[in-house]
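With UniProt numbering, the residue at position 70 of the sequence shown is 70, and numbering never jumps.
From the three backbone atoms N, C-alpha and C, an ideal C-beta is built for every residue, glycine too.
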Amino acid sequence: MYYAYKYRLKPSDAHREELDRHRDICRQLYNHTLYRLNEYQDEHGELPSMTTLRSELPDLKKWWDGLNDVYSKVLQTVVERLFDNLKGLSKLKENGYGVGQLKWKPPREFRSFTYSQSGFKLDKKGGQTVLSFSKLADIPIRLHRPIPNDAKLKQVTVKKEPTGEWFATFGVEMDRETPEPPETPEKCVGVDVGILKYAHDTDGTAVGSLDLSDERDRLEREQRKLSRKQHGSNNYERQRRRVAECHANLRRKRRDFLHKLSAYYAREYDLVAVEDLNVKGMMESPSNSRNTASAAWRTFLSLLEYKCEREGTHFVAVNPRGTTKECASCGVSTDKPLWVREHSCPACGFEADRDANAAWNILSRGVEDVGVGHSESTPVETALPVDTPVSAKRVVETGSPTLKERTASAVSE
């Protein structure tokens, strides 16, 4: 299995200068390789292979002195990066998107470079852990969590964030077999995601949405201050970093919340059914697009999918069409506007919270897609009580204490 472990580097001022120099050399090589690719295509009428352009690197070093200061594997990964971008454009074109051509990278858009297979190692020097890079430096690193002893370090990507911080992301390979999902899952759950409550599942747990209003207010204040600075001045650069720190703070809190929530569902259940949402289409809607973007549903589903694979849990993404309108008891569809938060079926009389009803429909479709059979109990027999604001047995609010602790305490009830 292949994992990624991300750690923060603690470079000195001299290290930062050298890291920036190597990053800029890689950027210039990327732009030069793109120029050679276009030139080759004009001369021969076809795109060159990656091997063709990589074979030009030794000749480039004869007149480009800066390339000799960068490890050879790093230069090769720059060429690979260009062809990976080409593959990405080709895939988008196959899916019907209008794509243009690759553009030259300015300094602000080229933030990372990669050591592949060799040229790096973790070491202990001067009583601290350092990451040794060939032809670069020994840079202190903060290992906030250990790398497993049986892990093989395949590569490391060094990246500079807009805040000025440097991070190292290890590509780690472990000789472990992925557990197979059970043929007859016992603990199954359907999860409906939303805005008012981030997740509402068929076990009666409603997870509150993450409150980032204070962070957004601070970001808006800092952005207004930035707009009043003279572009390119020292004051502008300092304020730009403050804005970048606000963005990073928002991103870290959101991803922490999504990681904990997805890990909970992947570990506690044998089958997790969710909606296969078209988030891109929802973002193009003129209403509520900001809350949709802030919810990061697609990120949550991606995290949940790979965690389920890692834990040996069935992950099922079902068609979301009609999950809210359809009655979980009898299947009759009933139109209801967004502000109506309760489901009341005119055909069979089944009443439940709107999101709880959708979660039951999601679970029902997920069980059918996997083909593991149906539960003998019906949603009506296990209907949630309508005696709380969200008609949930457990309401997990985000905040203090952490979501992980509150979820654990709720499950133990």
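Between the CA atoms of residue j and residue i - distance to the nearest angstrom
i: Pro-389; j: Ala-356; result: Legend: pLDDT at Pro-389 = 37, less than 50; position of this residue unreliable, no value from coordinates given.
i: Ile-362; j: Glu-222; result: 42 Å
i: Tyr-236; j: Asp-42; result: 42 Å
i: Pro-148; j: Pro-58; result: 37 Å
i: Arg-23; j: Pro-179; result: 40 Å
i: Thr-169; j: Ala-14; result: 21 Å
i: Met-50; j: Val-370; result: 41 Å
i: Lys-6; j: Arg-176; result: 20 Å
i: residue 456; j: Phe-83; result: For residue 456 there is no data in the structure shown, the boundaries of the chain being 1 and 413.
i: Val-130; j: Thr-202; result: 48 Å
i: Arg-238; j: Tyr-97; result: 38 Å
i: Phe-350; j: Pro-185; result: 27 Å
i: Ile-195; j: Ala-206; result: 12 Å
i: Tyr-71; j: Pro-182; result: 47 Å
i: Arg-252; j: Glu-46; result: 44 Å
i: Arg-21; j: Asn-95; result: 38 Å
i: Tyr-306; j: Thr-299; result: 11 Å
i: Glu-56; j: Pro-107; result: 24 Å
i: Asp-211; j: Ser-294; result: 10 Å
i: Pro-146; j: Arg-341; result: 46 Å
i: residue 415; j: Trp-63; result: Residue 415 is absent from the structure shown; the chain starts at 1 and stops at 413.
i: Ser-409; j: Trp-360; result: Any reading at Ser-409 needs caution, since the residue's pLDDT is 38, under 50, leaving its predicted position unreliable; the model's value is listed next. The straight-line gap from Cα to Cα measures roughly 24 Å.
i: Lys-91; j: Pro-346; result: 47 Å
i: Ala-352; j: Ser-344; result: 7 Å
i: Leu-136; j: Asn-234; result: 28 Å
i: Arg-224; j: Gly-204; result: 43 Å
i: Arg-354; j: Gly-331; result: 14 Å
Range of the contiguous beta strand (DSSP E) that encloses residue i
i: Trp-166; result: 166–174
i: Gln-155; result: 151–160
i: Tyr-2; result: 2–9
i: Ala-199; result: 197–201
i: Pro-140; result: 138–142
i: His-314; result: 314–318
i: Lys-121; result: 120–125
i: His-343; result: 342–344
i: Cys-188; result: 188–193
i: Leu-67; result: No beta strand (DSSP E) contains Leu-67, which DSSP labels as neither H nor E.
i: Thr-114; result: 112–116
i: Ala-359; result: Segment 354–370 is the alpha helix (DSSP H) holding Ala-359; no beta strand (DSSP E) there.
i: residue 415; result: Residue numbering for the chain in the displayed model covers 1 to 413; residue 415 lies beyond these limits and cannot be assessed.
i: Ala-206; result: 205–208
C-beta atoms of residue i and residue j nearer than 8 Å
i: Val-274; j: Leu-301; result: yes
i: Leu-219; j: Leu-258; result: no
i: Trp-297; j: Val-279; result: yes
i: Val-316; j: Leu-261; result: no
i: Leu-102; j: Leu-34; result: yes
i: Val-99; j: Lys-105; result: no
i: Gln-128; j: Lys-154; result: no
i: Ser-134; j: Asp-123; result: no
i: Ser-329; j: Cys-348; result: yes
i: Val-79; j: Thr-114; result: no
i: Tyr-40; j: Gly-171; result: no
i: Gly-366; j: Gly-190; result: yes
i: Val-156; j: Phe-110; result: no
i: Ala-248; j: Thr-313; result: no
i: Leu-19; j: Val-158; result: yes
i: Tyr-264; j: Lys-187; result: no
i: Leu-277; j: Pro-320; result: yes
i: Pro-140; j: Lys-10; result: yes
i: Glu-311; j: Arg-255; result: no
i: Leu-29; j: Leu-89; result: no
i: Met-174; j: Asp-150; result: yes
Alpha helix (DSSP H) segment containing residue i, residue limits
i: Gly-88; result: 72–94
i: Tyr-97; result: From DSSP, Tyr-97 is part of no alpha helix (DSSP H); its letter is neither H nor E.
i: Ala-14; result: 13–44
i: Phe-300; result: 297–311
i: Thr-51; result: 50–54
8 Å contact criterion, which residue i and residue j should meet: CB distance rounded
i: Ser-213; j: Tyr-198; result: 15 Å between Cβ atoms; not a contact.
i: Arg-36; j: Phe-167; result: That belief does not hold up - the Cβ atoms of Arg-36 and Phe-167 are roughly 31 Å apart, past 8 Å.
i: Thr-323; j: Ala-358; result: 5 Å
i: Arg-216; j: Leu-226; result: Not really, about 15 Å apart at Cβ, beyond 8 Å.
Neighbour flag for residue i against chain B, beta carbons, 8 Å
i: Gly-366; result: Looking at the structure shown, chain B is missing, and only one protein chain is on hand.
Runs of 4 residues minimum, wholly inside the region 223–286: which ones carry the alpha helix (DSSP H) assignment?
234–268, 279–283
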